[in-house]
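In order, the protein sequences belong to chains A and B. Per our numbering, residue 3 is the first one in the first sequence, and the count goes up by one each step. Per our numbering, residue 36 is the first one in the second sequence, and the count goes up by one each step.
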Amino acid sequence: MKSEVIKARDIVTSFGETVIHDKLNLTVNRGEIYGILGESGSGKTLLLKEMIMLHKPTSGHITILGNELSNIDYQNAQKLRREWGILFQFGALFTSLTVAENIELQLKEYTDIDKRMRDELVKTKISMVGLPIRAGGLYPSELSGGMIKRAALARALAMDPKLLFLDEPTSGLDPIGARNFDSLILELKELLGITVVMITHDLDTIYSIVDRFCVLADKHVVAEGTLESVIEADHPFVERFFKNDYAKRRLEYGGR
Amino acid sequence: MNPTCIKIEYYSNHTTIYASGDWTIHNVPKIDRVLKGFSCHRRLVWDFSAVSSFDSSGILLFMGYHDKFLSHCRVEVVGYTKAQERMFRLLLAHKVDDLIPKVERGLFYSIGKNTVSSYDVFVKFVNFTGYIMVAFLRYFTHPKNIRIKEIVYYMERSGVGALFIIALTSFLVGMVISYQSAVELAKFGADIFIVDLAGISITRELAPLITAIVVAGRSGSAYTAQIGAMKITEEISAMRTMGFDPYYFLILPRMIALMISLPLLIFFADMMGIAGSMLASYLELGISSHQFLNRMQEVLDIKHFWIGIVKGPFFAMLIVMIGCFRGLQVTDDTESIGYQTTASVVNSIFFVIACDALFSILLTKWGL
Numbered sequence: 003m004k005s006e007v008i009k010a011r012d013i014v015t016s017f018g019e020t021v022i023h024d025k026l027n028l029t030v031n032r033g034e035i036y037g038i039l040g041e042s043g044s045g046k047t048l049l050l051k052e053m054i055m056l057h058k059p060t061s062g063h064i065t066i067l068g069n070e071l072s073n074i075d076y077q078n079a080q081k082l083r084r085e086w087g088i089l090f091q092f093g094a095l096f097t098s099l100t101v102a103e104n105i106e107l108q109l110k111e112y113t114d115i116d117k118r119m120r121d122e123l124v125k126t127k128i129s130m131v132g133l134p135i136r137a138g139g140l141y142p143s144e145l146s147g148g149m150i151k152r153a154a155l156a157r158a159l160a161m162d163p164k165l166l167f168l169d170e171p172t173s174g175l176d177p178i179g180a181r182n183f184d185s186l187i188l189e190l191k192e193l194l195g196i197t198v199v200m201i202t203h204d205l206d207t208i209y210s211i212v213d214r215f216c217v218l219a220d221k222h223v224v225a226e227g228t229l230e231s232v233i234e235a236d237h238p239f240v241e242r243f244f245k246n247d248y249a250k251r252r253l254e255y256g257g258r
Numbered sequence: 036m037n038p039t040c041i042k043i044e045y046y047s048n049h050t051t052i053y054a055s056g057d058w059t060i061h062n063v064p065k066i067d068r069v070l071k072g073f074s075c076h077r078r079l080v081w082d083f084s085a086v087s088s089f090d091s092s093g094i095l096l097f098m099g100y101h102d103k104f105l106s107h108c109r110v111e112v113v114g115y116t117k118a119q120e121r122m123f124r125l126l127l128a129h130k131v132d133d134l135i136p137k138v139e140r141g142l143f144y145s146i147g148k149n150t151v152s153s154y155d156v157f158v159k160f161v162n163f164t165g166y167i168m169v170a171f172l173r174y175f176t177h178p179k180n181i182r183i184k185e186i187v188y189y190m191e192r193s194g195v196g197a198l199f200i201i202a203l204t205s206f207l208v209g210m211v212i213s214y215q216s217a218v219e220l221a222k223f224g225a226d227i228f229i230v231d232l233a234g235i236s237i238t239r240e241l242a243p244l245i246t247a248i249v250v251a252g253r254s255g256s257a258y259t260a261q262i263g264a265m266k267i268t269e270e271i272s273a274m275r276t277m278g279f280d281p282y283y284f285l286i287l288p289r290m291i292a293l294m295i296s297l298p299l300l301i302f303f304a305d306m307m308g309i310a311g312s313m314l315a316s317y318l319e320l321g322i323s324s325h326q327f328l329n330r331m332q333e334v335l336d337i338k339h340f341w342i343g344i345v346k347g348p349f350f351a352m353l354i355v356m357i358g359c360f361r362g363l364q365v366t367d368d369t370e371s372i373g374y375q376t377t378a379s380v381v382n383s384i385f386f387v388i389a390c391d392a393l394f395s396i397l398l399t400k401w402g403l
């Protein structure tokens, strides 16, 4: 089944004279892990913000789960917001709430399920992302960087989203933690059938779990597709990123 | 689609629960209500063939009841898909029976905690005051460390920037006290004494107090928020590790700037307050500005003016010390910045008034 979850067409973003995106296109299919790659300042995070309705593109159309974002009304926007989960780069947990309360928040506001069931769900999510249960009673300021990422992922998963946005999920984690995080995302994708869109610089992540990805450079998507097809692309950034010594060695040892 | 998502059929030798539709979070409470009243005997069959989608809450609900029924009858589950089974196994692997630890906070806990933390804040403040004093004294032996540029910048921000609001408030206060006392004085025919009254009260007490309170609300809170935000973003730690002592770089420039600009602001407030009083006297009692100023020259001892001005640097020191101290107390969460900013303004206004009272007592004792 190949259906489009996200379709971005002719996205233009500019701040005054500065043009960040110039007629950019990309497509994310259902059930895949889709990576967004690009240099610092190429507007990756901005693109993500446009997809999650935090920023309006100057022009162009983004369609997510059948909703056209440029003319979506408030009701549908609110409904759409419950269907996705977002992991911000630095977690963005609410500091005045414990981890468990952070995860519970949407369940409490948007559904009628009772406290017992909510607790059950919260505990499952905490355990699923690999945190110890006692972490549920802690405040974000008492957690380490890696734990914050996990807790934030648990919060993103609270409503069983169909679509998960991750902003640099493995940045700031140690290599082992990063690989564990990768396999966790892969497991979630396979078992829960979630579509994942992630911004990443991590070569290992791209080699091991990303199904398709796009490369942002020069205000455009310069390459989109599977690893094999992107590497073929003829662009200086792709060259620099994938044809350096480290990447070559990494590729020889194989992906999956 | 069956809106209830569940149907229970009784057969001669078994009972079947037909599940259908979406077993997702929005339907779970409804399904839960149906299952709550149901108890099985002998043989039970769960039939999931008509279920269109599951989410983790649906599966958890099923798991809960499955375990419950399993204890007193034979249970069979049919009609699930491979994907649903995988999801079930994932959730089963992560089912936890431990409770999330919760901190119980009783009355005695909070009394104890508040007592200890108040003491802690007090000790820290004493420590902070000591640091400031030492840093301040070191300025005299190392005048090169004085950061003129920052000082001028903060003088502009907290001094010049406050001119308008201070002009407005002191003008109004000058007017109000003159209006109020004019009625009483007129009864005794002592109209001209309005000048004595307004002159002394404005220059000696009101102008310094109003100025200090406005500055505490305007700049004290800003200092707390700025330094607090710098603490959260670890800018303060970065400065420390680079050898830039925050006391020299952040606190002393603000303190010196305010110690210079607050007396000047008080002088400005004196003028505006007297102008307000002059206007009110003219409107209410018909005292001309010429008469008013002449009388003021005669009766207003210069010492009242100086006492008002001298309070300035003391108030400034209190405001900056409390503002910066509160800023440094900000911890890693967003709530503490709000809490500390409030505390900063409340504390500095209180201490300014307390300091003013102390001045009154001492000066009366010394016969000034």
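Every residue gets a Cβ at the ideal spot worked out from N, C-alpha and C, and that includes glycine. Bear in mind that the values here come from a model prediction, so they are computed numbers and not experimental data.
Handout entry: Per-residue contacts from V63 of chain B into chain A (C-beta, under 9 Å)
Key = T113, D114, I115, M119
Problem - Assigned secondary structure, N48 of chain B (DSSP; H/G/I helix, E/B strand, else coil) - result: coil
Practice task
Give the straight-line distance between the Cα atoms of F302 of chain B and F350 of chain B, rounded to the nearest whole angstrom.
Solution key: 14 Å
Problem - CB of S44 of chain A within 7 Å of CB of L188 of chain A, strictly - result: no
Practice task
Kindly give me the distance between the Cβ atoms of S324 of chain B and M307 of chain B, rounded to whole angstroms, as I take these residues to be in contact under 8 Å.
Solution key: About 15 Å; that fails the 8 Å criterion.
Problem - Alpha carbon of G257 of chain A to alpha carbon of S210 of chain A, nearest angstrom - result: Note that G257 of chain A scores a pLDDT of 47, beneath 50, so its modelled location is shaky; the value from the coordinates is reported in the next line. Going from the Cα of G257 of chain A to the Cα of S210 of chain A covers about 5 Å.
Handout entry: Residue nearest to E41 of chain A in terms of C-alpha spacing, selected from A:P238, A:P142, A:D162, A:Y248
Key = A:P238
Practice task
Give the interface partners of T197 of chain A over in chain C, defined as CB-CB distance under 9 Å, in chain order.
Solution key: This model lacks chain C altogether, as its protein chains are A and B.
Problem - Helix, strand or coil at A217 of chain B [DSSP, three-state] - result: helix
Practice task
Pull up the distance between the alpha-carbon of E170 of chain A and that of P177 of chain A, whole angstroms please.
Solution key: 14 Å
Handout entry: Limits of the beta strand (DSSP E) - the one that C390 of chain B falls within
Key = Looking at the DSSP string, C390 of chain B is not in any beta strand (DSSP E); the run it does join, the alpha helix (DSSP H), is 369-400.
Exercise for the section: Could you tell me which uninterrupted beta strand (DSSP E) segments, each at least 3 residues in length, are contained entirely in the region 97-161 of chain B, listed from first to last along the chain? Expected result: 109-113
Problem - Contacts of D220 of chain A in chain B (Cβ-Cβ under 7 Å) - result: Those within 7 Å of D220 of chain A in chain B number zero; the least Cβ separation is about 32 Å.
Problem - Straight-line Cα distance separating L190 of chain A from F83 of chain B - result: 22 Å
Problem - Identity of the residue in A:G18, A:N31, A:V14, A:V30 nearest D24 of chain A by Cα - result: A:V14
Practice task
Indicate whether at least one CB of chain B lies closer than 7 Å to the CB of S143 of chain A.
Solution key: yes
Exercise for the section: Check whether the region 101-117 of chain A touches the region 190-204 of chain A, counting contact only when three or more Cβ pairs, one atom from each stretch, lie closer than 8 Å. Expected result: no
Practice task
Go to R181 of chain A, then tell me how far its alpha helix (DSSP H) extends in each direction, as first and last residue.
Solution key: 177-194
Handout entry: Burial state of S256 of chain B, where buried means 16 or more other Cβ atoms lie within 10 Å
Key = buried
Handout entry: Whole-angstrom distance between R152 of chain A and F386 of chain B, CA atom to CA atom
Key = 45 Å
Exercise for the section: Return the CA-CA distance between S87 of chain B and S16 of chain A, expressed in angstroms with no decimal places. Expected result: 43 Å
Problem - Exposed unless 16 or more other CB atoms sit within 10 angstroms - verdict on M36 of chain B - result: Residue placement at M36 of chain B is poorly supported in this model, since its pLDDT is 41, which falls under 50; the coordinates are not used for a value here.
Practice task
Helix, strand or coil for T126 of chain A, going by three-state DSSP, please let me know.
Solution key: helix
Practice task
Would you mind stating whether G37 of chain A and I233 of chain A have Cβ atoms separated by less than 7 Å?
Solution key: no
Handout entry: Close-in-space but distant-in-sequence residues of the same chain around E70 of chain A (CB under 8 Å, 5 per side omitted)
Key = H63, I64
Problem - For L82 of chain A, the nearest candidate out of A:G132, A:L67, A:I88, A:L28 (CA to CA) - result: A:L67
Practice task
Would you mind giving the Cβ-Cβ distance between S205 of chain B and A242 of chain B, rounded to the nearest angstrom? I have them listed as a contact below 8 Å.
Solution key: 6 Å
Handout entry: Same chain, Cβ closer than 8 Å to I200 of chain B, five either side skipped, listed in chain order
Key = V249, R253
Exercise for the section: Please name the residues in the region 336-368 of chain B whose beta-carbon is closer than 8 Å to at least one beta-carbon of chain A, in chain order. Expected result: T366, D367, D368
Handout entry: Where I337 of chain B falls, given that 16 or more other Cβ within 10 Å makes a residue buried
Key = exposed
Practice task
Indicate whether at least one CB of chain A lies closer than 7 Å to the CB of E370 of chain B.
Solution key: yes
Problem - Whether D368 of chain B touches T97 of chain A by CB criterion (7 Å) - result: yes
Handout entry: Distance CB(R182 of chain B)-CB(I342 of chain B) smaller than 7 Å
Key = no
Exercise for the section: Count the C-beta pairs between the region 145-161 of chain B and the region 214-230 of chain A that are closer than 8 Å, then say yes if the count reaches three, no if not. Expected result: no
Practice task
Quick one: give me the first and last residue of the beta strand (DSSP E) that M161 of chain A is part of.
Solution key: Where M161 of chain A is concerned, there is no enclosing beta strand (DSSP E), given that its DSSP letter is neither H nor E.
Practice task
List the DSSP bridge partners of D169 of chain A.
Solution key: A:I201
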